[in-house]
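Enquirer: In our numbering, each residue's number is its place in the sequence shown (first place is 1) plus 8.
Below are the structure tokens for one structure; questions will follow.
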Amino acid sequence: MKRIVFILLGAFFAYMGTAFKEEPDGIPRTWDLKSIKRFHLSPPDTSVRVVYAPQAYCDSLPEHVIYQTYPVLARAHEKPGYLDSLRQLEPEIAFDANALKTPEDWIKAGETVFNRPVSYRPETGRYSSIDQTYLDATKAKITPGGVYPYNRYVITQKGKLVWGSLSCASCHTRVMDSGELIAGAQGTGAGDTPAYFHGNPFLFTRSSMLATRTSAF
């Protein structure tokens, strides 16, 4: 009996080791109504009727232009003139689906999208706003090299620097005590403890939260 169990377990693990290595057949659809309706839970209030946006509406939305982003550094780690040097750069498109040919290309592109901000404000300072006082007050963690990985600088026009926030990385980048950076984990940034980005009613109303944000380009 034990031998049969071991054989079955061996076969199972051998299968699991290969089952998820197949490359996806094409690019998954972002807005698949059939799949969305299947995995969404029904509202607890049975009088509520959920109406989903149609596929045609999703397809009609303009594509986002994803520009190259640049790291935010804590002030103590920032070289003099860093922000001014960024202002001298030309805008650079960071995501071009036509250039993605291999699984590795797509993985790298996914990292770009993960770090892409969707909320912006002008950055007019000459040096980083992330100083030690800010870090002490917010308990946010930085990498050993001084990178504040929850926000990125963006160049959409030469001479103008913007501070980008509300990317996936803003809430889901974790700096471990060892200094290791883990993308996709529970974040260790300034806003992750109160989760104020979502306008939680016990912290802020959604309208007051949105009033502090600017729209994307």
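Idealized CB from N, CA, C, for every residue including glycine.
Compute the Euclidean distance between the alpha carbons of Glu119 and Pro52, then round it to the nearest angstrom.
Expert: 36 Å
Enquirer: Which class does Arg134 belong to by DSSP, given the choice of helix, strand or coil?
Expert: coil
Enquirer: Reducing DSSP to helix, strand and coil, say where Lys45 ends up.
Expert: helix
Enquirer: In the DSSP assignment, what are the bridge partners of Glu172?
Expert: A small fix is needed here, since residue 172 is Gly in this sequence, not Glu. Tyr128, Arg160, per the DSSP bridge assignment.
Enquirer: Can you check DSSP and say which residues form a bridge with Pro70?
Expert: None, per the DSSP bridge assignment.
Enquirer: Using CA coordinates, which residue listed in Arg46, Leu69, Asp67, Ala64 is at the minimum distance from Val58?
Expert: Arg46
Enquirer: Could you tell me which residues DSSP pairs with Ala191 in its beta bridges?
Expert: Partner(s): Thr181.
Enquirer: Among Gly154, Ile150, Met184, which one has its Cα closest to the Cα of Ala198?
Expert: Ile150
Enquirer: Assuming contact is defined by CB atoms lying nearer than 7 Å, are Gln140 and Ala102 in contact in what I supplied?
Expert: no
Enquirer: Please go through the same chain and pick out, in chain order, the residues whose beta-carbon is closer than 7 Å to the beta-carbon of Gly169, but skip the five residues on each side of it.
Expert: Contrary to the premise, residue 169 reads as Leu rather than Gly in this sequence. Only Leu91, Leu94, Arg95, Glu131, Tyr161, Ile163 meet the Cβ criterion.
Enquirer: Going by CA-CA distance only, name the one from Gly195, Ser186, Pro70, Glu188 that's closest to Ser175.
Expert: Ranking the options by Cα distance to Ser175, first place goes to Gly195.
Enquirer: Enumerate, from N- to C-terminal direction, the unbroken alpha helix (DSSP H) stretches of 4 or more residues contained entirely within the stretch 98 to 126.
Expert: As far as the stretch 98 to 126 is concerned, its whole alpha helix (DSSP H) runs of at least 4 residues are 111 to 122.
Enquirer: Within the continuous beta strand (DSSP E) that includes Tyr78, where are the two ends?
Expert: 77 to 81
Enquirer: Quick one: grab the DSSP three-state call for Gln165.
Expert: strand
Enquirer: Run through DSSP, which three-state label would Ala27 get?
Expert: Per-residue confidence for Ala27 stands at a pLDDT of 46, beneath the threshold of 50, marking its modelled position as unreliable; no derived number is given.
Enquirer: Given a threshold of 16 other Cβ atoms within 10 Å of its Cβ, counted over all protein chains shown, does Pro125 qualify as buried or as exposed?
Expert: buried
Enquirer: What did DSSP end up calling Tyr204 once you bin it into helix, strand or coil?
Expert: Bear in mind that the predicted position of Tyr204 carries a pLDDT of just 44, short of 50, making it too unreliable to give a figure here.
Enquirer: Under 8 Å Cβ to Cβ from Glu86, same chain only, skipping five residues before and after it: list those, please.
Expert: Tyr135, Ser136, Gly154
Enquirer: With burial defined as no fewer than 16 other Cβ atoms inside 10 Å of the residue's Cβ, what is the status of Ile44: buried or exposed?
Expert: exposed
Enquirer: Quick check on the burial criterion: 16 or more other C-beta atoms within 10 angstroms. Buried or exposed for Leu81?
Expert: buried
Enquirer: What is the rounded straight-line gap between the Cα of Ser127 and the Cα of Tyr158?
Expert: One C-alpha to the other measures close to 13 Å.
Enquirer: In terms of residues, what are the limits of the alpha helix (DSSP H) holding Glu196?
Expert: A small fix is needed here, since residue 196 is Thr in this sequence, not Glu. Note, Thr196: premise wrong, no alpha helix (DSSP H); not H, not E.
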